[in-house]
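Written below as structure tokens is the structure these notes are about.
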Amino acid sequence: MKDIRLMKGNEAIAEGVIRAGCDGYFGYPITPQSEVLEYLMANKTKERTGMIVLQAESEIASIHMVYGGAGAGKRVMTSSSSPGISLMQEGISFMAGTELPCLLLNVVRGGPGLGTIQPSQSDYFQTVKGGGHGDYKLIVLAPASVQEMYDFAKLGFDLAFKHRIQVMVLSDGAIGQMMEKVELDEQIPRLTDAEIKVKFPWATTGKTPDRERNIITSLDLNPVKQEIININLQKKFKHIQETEVRFERIMCDDAEYLFVAYGSSARICQKAVLLGRERGIKVGLLRPITLFPFPTVELAKLAKQVKGMLSVEMSAGQMVEDVRLSVNGAVPVEHYGRLGGIMPAPDEVLNVLEENFIKEKKYEPHTN
Amino acid sequence: MSHIPTKDEVCQPENMVYSRTCLLTDNALSYCPGCGHGTAHRLIMEVIEEMNLQADTIGVAPVGCSVLAYDFMNIDMQQAAHGRAPAVATGIKRLYPDKFVFTYQGDGDLAAIGTGETIHVCNRGENITVFFVNNGIYGMTGGQMAPTTLPGMKTATSPFGRDTETMGHPLKITELVAQLPGTYFVSRQAVHTPAHVRKAKKAIEKAIQYQKLNKGLSFVEIVSNCNSGWKMTPLESNKWMEENMFPYYPLGDIKVPK
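So the sequence lines, in the order shown, correspond to chains A and B. This note's numbering puts the first residue of the first sequence at 2, with every later residue one more than the last. This note's numbering puts the first residue of the second sequence at -15, with every later residue one more than the last.
Quick look at the structure:
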């Protein structure tokens, strides 16, 4: 019989990481994601699967605890919300430089600064374009339901170890706090220390006579060697761009107009698509599931089919830049966003689409 | 005239009275000649070898002169961001409670940028060992003022001497962490004379032994010279250390198990 439960998004991903065989969680409370740590603590993970859960003294300490665990080959994670994720950028950059796999969760709240605790999508640039110092990328998964919060725990760990990369689940306050039904999988057993030693020969598990010492470092003072390291990193990102793109097409087959939206905004646009169809507008939705790698090719294809695209985000216009780069001027692309924790309504975004593309000449080409 | 033995004749196993531990690599030390880091490295590696812990040891060295420690220590190591070694070590130790985990940190790392991590790793009583090399200056970056720089001491960023009115006071972080219930053994040592080396090695042995016994955090400070940063010869710097550093940072055990 299926195990189906009603859960908050934050609880669902916490349950998801336990069942995905996570070894360790290190985190610090912050609204609107504190339920992750609370759920893990309440679930006595040490007794259930042997998973370690530790409340750190700061987000900075959390991410570096993750670094230590990941460097020793363990499946480890942390979670936070926007201001806390800003603090973690140092550690994320170090993990990028050392190619350590980990799962990260940002339940985004409005910024800048302390901002608000309401949902927002204003951390897209920080997450997709780097965040910390240096040339690097994360794999970014954008859940649009509580089920996906759960599913992306396992998917995130799998991708992280497949590519030795950091995977960020970029959620928001709405997805984290809302309750939906979730279908749960069987428990995946945690790897034993012996299995880790075999599967991850790079991990610092103690130098044995059969191998050279393992060193986890992002430092090379020789610029020639450092450039090679960086070129290899870029090759990995390119490979990920070519092989790991995920997206969902909703009523795109006959679409003349297109919403592009992820996460909560995609849920709103999904409703707007239905409203639009009732009004006789052939509108569809392209929902990026991976924000890096971005569904560039799919958007370029759709640009040959539709008359206009509206990128809907709870931000001042961040993802829209990637949409424009993807279509490369082939079709008008506009942005609509609400800021500071306000969520748009379905009829609101549909009206904007109509005003931009359908009603008598409202559209003015984007100039910058 | 008697025969003068050649080098090959002298270098025979039966003449061997001391050799370098195999837990130090063949890489030439990049530390300045006269600096105490090399001796501190050697002592820690000797003890790990004597306790047969190589296969169970994971070391963490952060930013500072210690950043290249993994070039010299023949063990698995992680390089940590500046100040974060205690957090990195926590992550390792919580997931591998049976491994021997240590950090090797300088004073800028441990007592300035990493103060929060230092206090909390000690307060949690993480079952790790912290080796703290205190030379009162930022050596790696070229001799700037450290949290442990003595009052009046001239550095690149206190060129007229540390003015405690505007630059604060040298931080006795070792005495501070000794107050915390999570620390089990706290000791301050030096490595500039044979007698001090022997005492320091004993403290390092204890610190590692206590971790094997799951006693909580052990903390060993080594007050060291930085002859380059202090702009002295090695001998002058050792004398200056005895006359100026030791009165402010007195040697000996600060917290011992009851």
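By construction, the Cβ of each residue, glycine as well, lies at the ideal position given by its N, Cα and C atoms.
With 7 Å as the C-beta to C-beta threshold (strictly closer), list the residues of the segment 85 to 118 of chain B near chain A in chain order. GLY100, GLU101 and HIS104
What are the residues of the segment 84 to 98 of chain A that lie near chain B, defined by any Cβ-Cβ distance shorter than 7 Å? GLU91, GLY92 and PHE95
Taking 8 Å as the CB-CB cut-off, is B/LYS268 touching chain A? Since the first and last residues shown for chain B are -15 and 242, residue 268 of chain B lies out of range.
What are the residues of the segment 57 to 76 of chain B that lie near chain A, defined by any Cβ-Cβ distance shorter than 9 Å? MET57, ASN58, ILE59, ASP60, MET61, GLN62, GLN63, ALA64, ALA65, HIS66, GLY67, ARG68, ALA69, PRO70, ALA71, VAL72, ALA73, THR74, GLY75 and ILE76
For B/ILE188 and B/GLY67, I'd like the C-alpha separation in whole angstroms. 22 Å
Count the other C-beta atoms from every protein chain shown that fall within 10 angstroms of the C-beta of B/THR150, then say buried if there are 16 or more, exposed otherwise. exposed
I'd like to know if A/LEU55 contacts chain B, where contact means its C-beta is closer than 8 Å to some C-beta of that chain. yes
Opposing strand residues paired with A/ASP173 [DSSP bridges]: A/VAL109
CA nearest to the CA of B/ALA95, picked from B/ALA130, B/PRO46 and B/LYS77: B/ALA130
Look at the Cβ atom of A/VAL328, then the Cβ atom of A/PHE260, and state whether they are nearer than 8 Å. no
Indicate whether at least one CB of chain D lies closer than 8 Å to the CB of B/ALA12. Reference to chain D is not applicable here, since the protein chains of this structure are A and B.
Secondary structure at B/ILE59, three-state DSSP: helix, strand or coil? coil
So, helix, strand or coil for B/GLY18, using DSSP? coil
8 Å contact criterion, which B/ILE42 and A/GLY157 should meet: CB distance rounded: Not a contact, Cβ separation roughly 25 Å.
Does A/VAL334 come out as helix, strand or coil in the three-state DSSP assignment? strand
Taking 8 Å as the CB-CB cut-off, is B/PRO234 touching chain A? no
Answer yes if the segment 214 to 225 of chain A comes into contact with the segment 238 to 255 of chain A, meaning at least three C-beta pairs across the two stretches below 8 Å, and no otherwise. no
Inter-residue spacing [alpha-carbon to alpha-carbon] between A/ALA97 and A/GLU12: 27 Å
Candidates B/SER212, B/LYS215 and B/TYR168, of which the one nearest B/PHE203 by Cα: B/TYR168
Closer than 9 Å, Cβ to any Cβ of chain B: which residues of the segment 215 to 227 of chain A, in chain order? ASN215, ILE216, ILE217, THR218, SER219, LEU220 and LEU222
Using a 10 Å radius around the Cβ and a threshold of 16 neighbouring Cβ atoms, would you call A/LYS363 buried or exposed? Only weak support exists for where A/LYS363 lies, its pLDDT of 49 falling under 50; the value from the coordinates is given anyway. Burial call: exposed.
In chain B, which residues lie less than 7 Å from A/ASP136 when you measure between Cβ atoms? Ordered by position in chain B, no residue passes the 7 Å Cβ test against A/ASP136, which lies about 18 Å from the chain.
Contact between the segment 83 to 101 of chain A and the segment 101 to 116 of chain B is defined here as three or more beta-carbon pairs at a separation below 8 Å; is this criterion met? no
Members of the segment 233 to 266 of chain A that neighbour chain B once the beta carbon cut-off is set at 8 Å: none
When B/LEU134, B/PHE116, B/ASP55 and B/MET35 are compared against B/TRP224, the one with the closest alpha-carbon: B/LEU134
For chain A, check one thing: does any of its Cβ atoms lie closer than 8 Å to the Cβ of B/ILE42? yes
Sequence ranges, alpha helix (DSSP H) only - wholly within the segment 128 to 181 of chain A, length at least 4: 147 to 164 and 174 to 178
What did DSSP end up calling A/TYR26 once you bin it into helix, strand or coil? strand
Once DSSP output is grouped into helix, strand and coil, what is the label at A/GLN119? coil
Note down the Cα distance separating A/ALA301 from A/VAL225, rounded to an integer number of angstroms. 37 Å
Contacts that A/ASP24 makes with chain B (C-beta to C-beta distance below 9 Å): LEU79
Hey, quick one: how far does the beta strand (DSSP E) through B/VAL85 stretch, first residue to last? 84 to 90
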